[in-house]
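A.B. asks:
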Amino acid sequence: MKLALVATLAASVSAFAPQSNNARPTVAVQAENSRREVFSTIVAAGVALVPVAASATAGESPRFSVFGLIGDGGAYSEGAAYGSDQSSDLYSPYSVYGKAGSEDSLYAEGGADEIARKKGYVAESQKRLANLPKYVARKEWVNVKTELTRYMYETRGAVRGLATTPEQKALAKAFFQSMEEASLQATLKNQDKCAAASAETAKLLDQFAAAL
């Protein structure tokens, strides 16, 4: 009985005794193993890249140069060499494309295709402006403003590009001002003034097209 009591007391005391902390060494070991695995992965990746670099031969695609000094000096370097590795002038120091207007340039300013495209914008705008009188008569102000904005972005660019003579430039300026006036009067819902500005806008665009 006494032995059993002593054993019970010993067990109770040991329950409150400080226990050794084995968690910290375990965490440390796990962290060390993780670092080793990461390092091994990096080394393996580096080793895998060595044969690829060693087996590269000149002339394979893609070809690059580094500042025009390393690699294929005749290859595009995406402007890194500021044109020093190119045989002709570049569009800009940061471009791989040739200078605009050069003999081998695909784009020529004022070419026949460009002029025809811009004239097409003007012709389409003339058709759209013909819709304004009925919109104004119905007081459809949203349609008036929409017609003056949704396609007229292209019209503005076309008119500016086609206006080369003083007469054409003066007509272009008057056309822009009249178009803005028509849009303003539509916003103010002033029917008479909007109708007059719309008619003037269409007339000026017709005059501009005839002056081309």
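If you count by our numbering, then the sequence shown holds residues 1 to 212, one letter each, in order. Glycine included, every Cβ here is placed at the ideal spot set by N, Cα and C.
1. Would DSSP call G111 helix, strand or coil?
2. Is L184 helix, strand or coil by DSSP?
3. Take the Cβ of A100 as the centre, count every other Cβ of all protein chains shown within 10 Å, and call the residue buried at 16 or more, exposed below.
4. Counting pairs of Cβ atoms below 8 angstroms between the region 183-191 and the region 128-143, do you hit three or more?
5. Could you work out which residue in E114, A123, K134 is closest to Q191 when comparing CA atoms only?
6. Looking only at its chain, what residues have a beta carbon closer than 7 angstroms to the beta carbon of A172, apart from the 5 residues adjacent to it on each side?
7. Whose CA, out of A112, T201, A195, G98, lies closest to the CA of R156?
8. Measuring straight from C-alpha to C-alpha, what distance separates E154 and D89?
9. Could you tell me if Y121 is buried or exposed, where buried requires 16 or more neighbouring beta carbons within 10 angstroms of its beta carbon?
10. Can you have a look at S198 and say buried or exposed, based on whether 16 or more other CB atoms are within 10 angstroms of its CB?
11. Do you know how far the Cα of K193 is from the Cα of A130?
12. Between which two residues does the alpha helix (DSSP H) harbouring S198 extend?
13. Which of the three DSSP states is assigned to L90 in this structure?
14. Judging by CA-CA distance, which residue of V136, L205, K118 is the nearest neighbour of A196?
15. Output the distance between the C-alpha atoms of L106 and F175, rounded to the nearest integer angstrom.
16. Hey, A182 and L212 are a contact pair by Cβ (cut 8 angstroms); roughly how many whole angstroms apart?
17. How big is the Cα-Cα spacing for L205 and Q126?
18. Out of I115, A112, D113, Y151, point me to the one whose CA is closest to E124's CA.
19. What do you reckon, are the CB atoms on D104 and G98 nearer than 8 angstroms?
C.D. replies: Well, looking at it:
1. Three-state DSSP puts G111 in coil, outside helix and strand.
2. In the structure shown, L184 sits in a helix (DSSP, three-state: H, G or I).
3. Flag for A100 reads exposed.
4. Yes, since at least three Cβ pairs between the region 183-191 and the region 128-143 fall closer than 8 angstroms, the two stretches touch.
5. The shortest C-alpha separation from Q191 is found at K134.
6. Excluding five sequence positions before and after A172, the CB atoms of its chain that fall closer than 7 angstroms to its own CB belong to V159, R160, A163, F208, given in chain order.
7. With respect to the C-alpha of R156, the residue from A112, T201, A195, G98 having the closest C-alpha is T201.
8. Approximately 31 angstroms between the Cα atoms of the pair.
9. Y121 is buried by the Cβ-count criterion.
10. Result: buried.
11. When rounded, the distance between both Cα atoms is 17 angstroms.
12. 191-210 is the span of the alpha helix (DSSP H), which, as asked, contains S198.
13. Looking at L90 - three-state DSSP - the assignment turns out to be strand.
14. Nearest C-alpha to A196: V136.
15. When rounded, the distance between both Cα atoms is 32 angstroms.
16. With 8 angstroms as the limit, A182 and L212 do not qualify as a contact, their Cβ atoms being about 23 angstroms apart.
17. The straight-line gap from Cα to Cα measures roughly 7 angstroms.
18. Put simply, of I115, A112, D113, Y151 the residue whose alpha carbon is nearest the alpha carbon of E124 is Y151.
19. In this structure, G98 lies closer than 8 angstroms to D104 by Cβ.
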